[in-house]
Amino acid sequence: MKNIIQNINKAFDHRIRLGIMSVLMVNEAADFNMLKELLGVTDGNLASHTKALEAENYISIEKQFIGKKPNTRYIATKEGKKAFKEHIDALEKLIQKS
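The sequence shown begins at 1 in UniProt numbering and counts up by one.
What follows is the structure, encoded as structure tokens:
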């Protein structure tokens, strides 16, 4: 059984991180408010989970101003996309074995 779970990535264990990466895999980028609304999470929850993904180099964070309002955008890195795809592939293999 160890073999089929070896590619399951602990960084994506939490449902919020799984959601963030899912959104970023199908969108070029997403801003803070978009992720917050889609995932139904608090500001603090979203901030802590995006920081965790950034620490793994799975997402990049861009901060800018649009007019006078701050805007934070998140983008999946090449490394993040690869790791997430491997994670999803591992989950699919696990489901097929069950």
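Cβ coordinates follow ideal geometry from the N, Cα and C atoms, glycine included.
Asked                                                                                                                       : Found
Answer yes or no: do residue 32 and residue 72 have a C-beta to C-beta separation smaller than 7 Å?                         : yes
How would you call residue 1, buried or exposed, if buried means at least 16 neighbouring beta carbons within 10 angstroms? : In this predicted model, residue 1 has a pLDDT of only 47, less than 50, meaning its place in the structure is not dependable; the value taken from the coordinates is given anyway. Residue 1 should be labelled exposed.
For residue 73, list the residues DSSP reports as bridge partners.                                                          : 31 and 62
Is residue 67 helix, strand or coil when you go by DSSP?                                                                    : coil
I'd like to check one pair, residue 49 with residue 17: are the Cβ atoms closer than 7 Å?                                   : yes
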